[in-house]
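First up is the structure itself, then whatever we jot down about it.
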Amino acid sequence: MSSKEFDNKTHIGFLCGSIGREVKDAIHRGACDNKMDLCTTKNGWLIGYFVRQKEPIFQKDLEKIFHFPKSTLADMIQTLERDGLIAKVPVDGDGRKKQIIVTEKGIEFHHLIENQILEVEEYITKGISEEEIATVIRVLEKMQQNAREYKSYVELKKED
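Quick note: the sequence shown, position 92, residue 91 per numbering that gives the first Met the number 0, numbers continuous.
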């Protein structure tokens, strides 16, 4: 579908959503070809985040970072744990407070999915200069911030 399908205008939100789905599908296709279909691309990004962290990781902290609803995040964590990619271990003898750690299987999965992500990103950015990519990233980050501010604005309007 063209980004000008609706009213002969390019709608940024529609275009961003379309690009996001195309990239996700390309990564997933490559992951399936490599027998990596243990979990979704979204879970692959989550594992990548876990692998890179130096500080202990707790589920409650992830909601703010990834902007997923609590129930979605809980389902994702449960899937990763069920698939043996992560484990939750008690901290300081408190059974209620559990740190998320990545298992060996999770680290292997991370390396495979990271390579797939890098391959797709390299392919989709071919013919685009570093300067153009930097500009796109700056603009998208501003749009992301504006969208977050708008969500807060809408919530405040509801309270009035």
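Idealized CB from N, CA, C, for every residue including glycine. Predicted, not measured: the structure shown is a model, and the values here were computed from it.
Test item: CB-CB of residue i and residue j under 8 Å
{"i": "Glu113", "j": "Gly29", "result": "no"}
{"i": "Leu111", "j": "Leu79", "result": "no"}
{"i": "Ile85", "j": "Phe108", "result": "no"}
DSSP bridge partner residues for residue i (one or two, in chain order)
{"i": "Asp24", "result": "Asp24 pairs with nothing; no bridge assigned."}
{"i": "Asp93", "result": "Val90"}
{"i": "Val101", "result": "Ile85"}
Buried/exposed call for residue i, threshold 16 Cβ in 10 Å
{"i": "Gln115", "result": "buried"}
{"i": "Val160", "result": "The requested residue 160 is not part of the displayed model; the chain covers only 0 to 159."}
{"i": "Ile136", "result": "exposed"}
{"i": "Thr40", "result": "buried"}
{"i": "Met75", "result": "buried"}
{"i": "Gly105", "result": "buried"}
{"i": "His27", "result": "buried"}
{"i": "Asp117", "result": "Note that residue 117 is Leu in the sequence shown, not Asp. Label assigned to Leu117: exposed."}
Range covered by the alpha helix (DSSP H) that runs through residue i
{"i": "Ile64", "result": "Gln58 to Phe65"}
{"i": "Gln144", "result": "Glu129 to Glu158"}
{"i": "Asn42", "result": "Thr40 to Arg51"}
**OP:** Flag this pair as touching only if the segment 55 to 64 and the segment 90 to 99 have three or more C-beta atom pairs under 8 Å; answer yes or no.
**Re:** yes
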